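Novice:
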Amino acid sequence: MAVAPGAVHLQRCVVSPAGRHTASLIFLHGSGHSGQGLREWISNVLNQDLTFQHIKIIYPTAPSRPYTPMKGGLSNVWFDRFKISNDSPEHLESIDRMCQVLTELIDDEVKNGIQKSRILVGGFSMGGCMAIHLAYRNHRDVAGVFALSSFLNKESAVYKDLQHRGGTLPELFQCHGTADELVLHSWGQETNSNLKSLGVSTVFHSFPNLYHELNRTELQRLKSWILTKLPGETDGQNK
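So the number in our numbering is just where the residue sits in the sequence shown, counting from 1, plus 477.
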């Protein structure tokens with residue numbers, strides 16, 4: 478039975494900006510994790526919370542659902558997968574459903590006075606894949622997209638949508654560990670190359686000997702990139 482889009486309310490962990498709120502960042506966790514768990518993981522890697530003077534960070538938690546790679550066991554995942562591989566079909570129904578739910582999160586920020594061009598979306602692993610679908614298929618007017626240790630399937634709907642629609646696209650920031658055995662580095666590279674060939678401006682950082690995890694250098698580079706996309710208010714143009 479289909480669930481109405483408004484029926485899912487995502488639990489969220491929010492880190493408020495130190496100063497005036499003029500931009501927002503939606504950071505999506507990987508499969509089986511939580512928003513609070515991702516915040517704590519990042520804090521452990523950096524030895525401090527990820528915070529900004531003007532950017533609110535929202536760490537939502539995916540709803541619990543049956544997950545095929547776990548033989549139908551319940552897990553906090555953004556969508557289902559037939560298998561963790563880049564050559565399997567996408568479970569598009571569950572991806573599209575979650576795009577609707579996450580759109581409400583974006584809409585809430587807009588209602589609170591934050592322009593779409595001052596909102597970034599991204600995530601780790603499955604969260605990065607979800608962010609790519611959300612931005613390039615539904616919200617091309619966001620400030621940018623980031624994907625850490627993530628990939629798109631070879632026949633992704635994202636590629637098909639980009640082939641058929643023109644216009645300005647948000648920049649993509651990608652990072653991937655060369656020693657990742659769960660989501661292969663080559664899958665991340667291929668995703669990046671495909672998106673670049675379809676008109677997406679991309680940045681790709683490889684991290685030698687990094688597994689399916691976060692590290693401090695990666696997060697520091699991400700933070701610098703976030704500030705280039707969502708600079709602090711200097712001339713009063715962002716109401």
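For glycine and all other residues, C-beta sits at the position ideal for the given N, C-alpha and C. This structure is a prediction, so every number in the text was calculated from the model and none was measured.
In or out: T602 buried (at least 16 other Cβ within 10 Å) or exposed?
Specialist: As a position in the sequence shown, residue 602 is number 125, starting the count at 1. For the sequence presented, residue 602 should be read as Ser rather than Thr. Buried: at least 16 other Cβ atoms inside 10 Å.
Novice: Cutting at 7 angstroms between CB atoms, please list the residues of its own chain near S493, excluding the five before and the five after it.
Specialist: Residue 493 sits at position 16 when you count from the first residue of the sequence shown. K533, listed in sequence order.
Novice: What three-state label does DSSP hand I609 in the structure shown?
Specialist: Residue mapping note: residue 609 aligns to position 132 of the sequence shown, counting from 1. It is helical.
Novice: In angstroms with no decimal places, state the Cα-to-Cα distance between V485 and H510.
Specialist: Residue numbering aside, residue 485 sits at position 8 when the sequence shown is read from its first letter. Residue numbering aside, residue 510 sits at position 33 when the sequence shown is read from its first letter. The alpha-carbon atoms of V485 and H510 are separated by roughly 18 angstroms.
Novice: Are three or more beta carbon pairs between the region 669 to 678 and the region 696 to 713 nearer than 8 angstroms?
Specialist: no
Novice: Starting from H662 and walking both ways along the alpha helix (DSSP H), at which residues does that stretch end?
Specialist: Counted from its first residue, the sequence shown places residue 662 at position 185. 662 to 674 is the span of the alpha helix (DSSP H), which, as asked, contains H662.
Novice: For the alpha helix (DSSP H) that contains R693, what are its first and last residues?
Specialist: Walking along the sequence shown from the start, residue 693 turns up at place 216. Segment 693 to 706, the alpha helix (DSSP H) holding R693.
Novice: At which residues does the beta strand (DSSP E) containing K533 begin and terminate?
Specialist: As a position in the sequence shown, residue 533 is number 56, starting the count at 1. Counted as a single uninterrupted DSSP element, the beta strand (DSSP E) harbouring K533 occupies residues 532 to 537.
Novice: Using only the alpha-carbon positions, how far apart do L691 and A624 sit?
Specialist: By one-based count along the sequence shown, residue 691 stands at place 214. By one-based count along the sequence shown, residue 624 stands at place 147. If I take the Cα positions, the gap works out to 12 angstroms.
Novice: Tell me which residues share the same chain as G507 and place their Cβ nearer than 7 angstroms to its Cβ, disregarding the 5 neighbours each side in the sequence.
Specialist: Sequence index remark: in the sequence shown, residue 507 carries index 30 (1-based). Spatial neighbours of G507 in its own chain (CB-CB distance under 7 angstroms, excluding positions within 5 residues in sequence) are listed in chain order as F601, S602, M603, G604.
Novice: Span of the beta strand (DSSP E) holding L505?
Specialist: What you label residue 505 is simply residue 28 of the sequence shown in a count that begins at 1. Note, L505: beta strand (DSSP E), 500 to 505.
Novice: How is the alpha helix (DSSP H) around S571 delimited, first residue to last?
Specialist: Along the sequence shown, read from residue 1 onward, the residue named residue 571 stands at position 94. Taken as a continuous stretch (DSSP letters only), the alpha helix (DSSP H) holding S571 covers 569 to 588.
Novice: Measuring CA to CA, which of P647, M607, N521 is closest to F628?
Specialist: On the sequence shown, position 151 is the one that residue 628 refers to. Closest option to F628, Cα to Cα, is M607.
Novice: Once DSSP output is grouped into helix, strand and coil, what is the label at G512?
Specialist: As a position in the sequence shown, residue 512 is number 35, starting the count at 1. Three-state DSSP puts G512 in a helix.
Novice: By the 10 Å Cβ neighbour count, where 16 or more other Cβ atoms means buried, how is S633 classified, buried or exposed?
Specialist: In the sequence shown, the residue the question calls residue 633 occupies position 156. Buried, by the Cβ-count rule.
Novice: CB F684 to CB Q651, shorter than 7 angstroms?
Specialist: Here residue 684 is taken as the residue at index 207 of the sequence shown, counted from 1. Here residue 651 is taken as the residue at index 174 of the sequence shown, counted from 1. Not in contact: F684 and Q651 (Cβ atoms no closer than 7 angstroms).
Novice: Alpha carbon to alpha carbon, how far is H610 from R542?
Specialist: Within the sequence shown, numbered from 1, the residue matching residue 610 stands at position 133. Within the sequence shown, numbered from 1, the residue matching residue 542 stands at position 65. Cα-Cα distance, rounded: 19 angstroms.
Novice: Less than 8 angstroms between the CB atoms is what I'm expecting for L515 and F529, so what's the real figure, rounded?
Specialist: Position 38 of the sequence shown holds residue 515. Position 52 of the sequence shown holds residue 529. The pair is not a contact, with the Cβ atoms about 16 angstroms apart (cut-off 8 angstroms).
Novice: Taking a contact to mean a Cβ-Cβ separation below 7 angstroms, would you say I561 touches P540 in this structure?
Specialist: Here residue 561 refers to the residue found at position 84 when the sequence shown is read from its first residue. Here residue 540 refers to the residue found at position 63 when the sequence shown is read from its first residue. For I561 and P540, no; Cβs fall outside 7 angstroms.
Novice: Could you pull the start and end residues of the beta strand (DSSP E) that L639 belongs to?
Specialist: The residue you call residue 639 lines up with position 162 of the sequence shown. It is not in any beta strand (DSSP E) - L639 instead sits in the alpha helix (DSSP H) that spans 634 to 641.
Novice: Looking at L638: is its Cβ nearer than 7 angstroms to the Cβ of R614?
Specialist: Reading the sequence shown from its first residue, position 161 is the one you call residue 638. Reading the sequence shown from its first residue, position 137 is the one you call residue 614. The displayed chain sequence assigns Asp, not Leu, to residue 638. Result yes, Cβ atoms of D638 and R614 sit closer than 7 angstroms.
Novice: Look up G604 in the DSSP assignment and say whether it is helix, strand or coil.
Specialist: Here residue 604 refers to the residue found at position 127 of the sequence shown. Correct three-state label for G604: helix.
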